[in-house]
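Visitor:
Numbering (the UniProt record's numbering), first residue to last: 1 to 476.
1) Look up residue 427 in the DSSP assignment and say whether it is helix, strand or coil.
2) As an exercise, report each continuous alpha helix (DSSP H) stretch of at least 4 residues that is fully enclosed by the segment 38-111, in chain order.
3) By the 10 Å Cβ neighbour count, where 16 or more other Cβ atoms means buried, how is residue 477 classified, buried or exposed?
4) Of all the options 409, 180 and 141, which has the alpha carbon lying nearest to the alpha carbon of residue 483?
5) Tell me whether residue 28 is buried or exposed, calling it buried when 16 or more other Cβ atoms sit within 10 Å of its Cβ.
6) To the nearest angstrom, report how far apart residue 145 and residue 327 are at their CA atoms.
7) Enumerate in chain order the residues of its own chain whose CB-to-CB distance from residue 278 is below 6 Å, with the five nearest sequence positions on each side excluded.
8) Just the Cα atoms here: how many angstroms apart are residue 216 and residue 31?
9) Is residue 197 helix, strand or coil by DSSP?
10) Going by the beta-carbon positions, is the gap between residue 119 and residue 293 smaller than 8 Å?
11) What does a CB cutoff of less than 6 Å around residue 252 pick up in its chain, not counting 5 residues either side in sequence?
12) Decide if residue 239 is buried, meaning its Cβ has at least 16 other Cβ atoms within 10 Å, or exposed.
13) For residue 245, count neighbouring C-beta atoms within 10 Å of its own C-beta (all shown protein chains included) and say buried if the count is 16 or more, exposed if not.
14) Spatial neighbours of residue 45 within its chain, please: CB distance less than 8 Å, with the 5 preceding and 5 following residues excluded, ordered by chain position.
15) Count the CB pairs spanning the segment 443-452 and the segment 371-388 that are closer than 8 Å, and state whether there are at least three.
16) Please work out which residues of its chain come closer than 8 Å, Cβ to Cβ, to residue 2, disregarding the five sequence neighbours upstream and downstream, and give them in chain order.
17) Could you work out which residue in 154, 274 and 39 is closest to residue 329 when comparing CA atoms only?
18) Could you tell me if residue 317 is buried or exposed, where buried requires 16 or more neighbouring beta carbons within 10 angstroms of its beta carbon?
19) Which stretch, first to last residue, makes up the alpha helix (DSSP H) that contains residue 134?
20) Taking just the CA atoms, how far does residue 15 sit from residue 395?
21) Can you tell me whether DSSP reads residue 267 as helix, strand or coil?
22) Using 8 Å as the cut-off, can you tell me whether the segment 91-100 makes contact with the segment 418-433, which would need three or more C-beta pairs spanning the two stretches below that distance?
23) Please report the Cβ distance between residue 218 and residue 366, rounded to the nearest whole angstrom; I am assuming they are in contact, meaning their Cβ atoms lie under 8 Å.
24) Please state whether the Cβ-Cβ distance between residue 439 and residue 322 is less than 8 Å.
25) For residue 184 and residue 433, I'd like the C-alpha separation in whole angstroms.
26) Taking only three categories from DSSP, how would you classify residue 17?
27) Short check: CB of residue 241 to CB of residue 65, under 8 Å?
28) With a floor of 4 residues, list each alpha helix (DSSP H) that falls wholly inside the segment 244-329, ordered by position along the chain.
29) Which same chain residues, not among the five before or five after residue 86, have their C-beta less than 8 Å away from its C-beta?
30) If I follow the unbroken alpha helix (DSSP H) through residue 340, where does it start and stop?
31) CB-CB under 6 Å to residue 90, same chain, minus the five flanking residues each way: which ones, in chain order?
32) Return the chain-ordered list of same chain residues with a C-beta closer than 7 Å to the C-beta of residue 181, the five sequence neighbours on each side being excluded.
33) Going by CA-CA distance only, name the one from 225, 124 and 168 that's closest to residue 20.
34) At which residues does the alpha helix (DSSP H) containing residue 371 begin and terminate?
35) Looking only at its chain, what residues have a beta carbon closer than 7 Å to the beta carbon of residue 23, apart from the 5 residues adjacent to it on each side?
36) Measuring alpha carbon to alpha carbon, tell me which of 53, 376 and 381 ends up nearest residue 77.
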């Protein structure tokens, strides 16, 4: 590695920009339109309770990360903090989880983006409905969209962040409007307070599976932390992460209650990824379908843009430490952004999108990847919680301080680790055998292992990097 100091990024982002990035990463309309069908198939009408239960460990870790971010801002975020305060290998694993998981997410959002574009045109009467089901057309259109988003990310983080803010405002307004109409429309399940009881899901396995999937759907709230070296104030990124979680929970609960009031659980599961347009069509007719399709397209673009921004910064941090090739650390001479890494992310995601088309239908691929990525994402946040506790282990503070930087992160980490292991074992023992299909739970476990430890060969090849031989630790 060169001994010269790393090139500095421009500090241009405020707390509103951070909220836009983090909320966009959780993609309200996309998560509601696609994710609720997956969750409903697992836990039934107990979705609101599951989402409340799942956010508790996230908030416990978010509060601690916000404190740590003020003390040690670094665009590698958890990767850097885990490497310094726990172990470099754990730091690398945490980074690999986010990079591999995000690329897999991008791979299926390519087809979703293309299909949603076609669906929007069909709802507007510009295309016939049968064209919407064309997989090649969806992949090509989605790849073009991703190329444009990668260009925006290369052009400058401030421009991309402003675009994100516009997208998320449109996204939230549209989904709140649709869900509000669904609440008033009725015609589905009768409202019940039992919806808010997560243990009404029916079994411990269903509760754990539902929470793991929901944590995956929450994933992205910490993306503002990866832009902390481009934030105007040290506290902005951490505060944005906490506010993002709070906002997204309100939106998700409104959506879940609204959907269940306007449709039955069976209908929601049956329509899967088309759940949002189905509900919008029921409460608003053809205009409702068009608005929902547009909102879903905006949301998919928002999540793809947010993921590209966050992962390109993650890989830049890893390249700085020599655990990835120098190409990932190349900064554009004019725009001061990680241009080469951004382009590589788009190319790899597109290749995976094409290769995964044979695994099953788009809905099956999404359901499989949500479960498979959810398990290592739980471990990623567990590592984050332990890193916070280790960073502040020598701090003497009052009970409130210790609660935020010690007890809550450790308790959250233990719970997340236990749920990930439980679901992995449950998936393996309930399958009759292994098959390369999206619906095979052992295949989902293998994908989870790739996301968790697939980068180990890379780490072993670069084990002489200074990152893996750090003796100094940042003490509180």
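Heads up, the beta-carbon is just placed ideally off N, CA and C, and yes, glycines get one too. Nothing here was measured: the structure is a model prediction, and the numbers come from that model.
Guide: Here's the rundown:
1) helix
2) 47-71 and 78-85
3) Outside the displayed span of the chain (1 to 476) sits residue 477, for which this structure offers no information.
4) Because the chain spans 1 through 476 in this model, residue 483 falls outside it and cannot be assessed.
5) Buried: at least 16 other Cβ atoms inside 10 Å.
6) 24 Å
7) If you ignore the 5 residues before and after residue 278, its C-beta comes within less than 6 Å of the C-beta of 271, all in its own chain and listed in chain order.
8) Their backbone Cα atoms lie some 10 Å apart in a straight line.
9) Reduced to three states, the DSSP call for residue 197 is coil.
10) yes
11) 51
12) buried
13) The residue in question, residue 245, is buried, as its Cβ has 16 or more Cβ neighbours within 10 Å.
14) 189, 192, 194, 195, 200, 260 and 265
15) yes
16) Because residue 2 carries a pLDDT of 42, less than 50, the predicted location of this residue cannot be relied on, and no value is offered for it.
17) 154
18) Its Cβ being crowded by 16 or more others within 10 Å, residue 317 is buried.
19) Note, residue 134: premise wrong, no alpha helix (DSSP H); not H, not E.
20) 27 Å
21) Residue 267 falls in the helix class under three-state DSSP.
22) Segments in contact, no.
23) About 16 Å separates the two Cβ atoms, so there is no contact after all.
24) no
25) 46 Å
26) helix
27) yes
28) You should have 265-271 and 275-320.
29) 383, 386, 387 and 390
30) 339-356
31) Excluding five sequence positions before and after residue 90, the CB atoms of its chain that fall closer than 6 Å to its own CB belong to 82 and 383, given in chain order.
32) 283 and 284
33) For residue 20, the nearest C-alpha among the options comes from 168.
34) 362-391 is the extent of the alpha helix (DSSP H) around residue 371.
35) 168, 244, 247 and 248
36) 381
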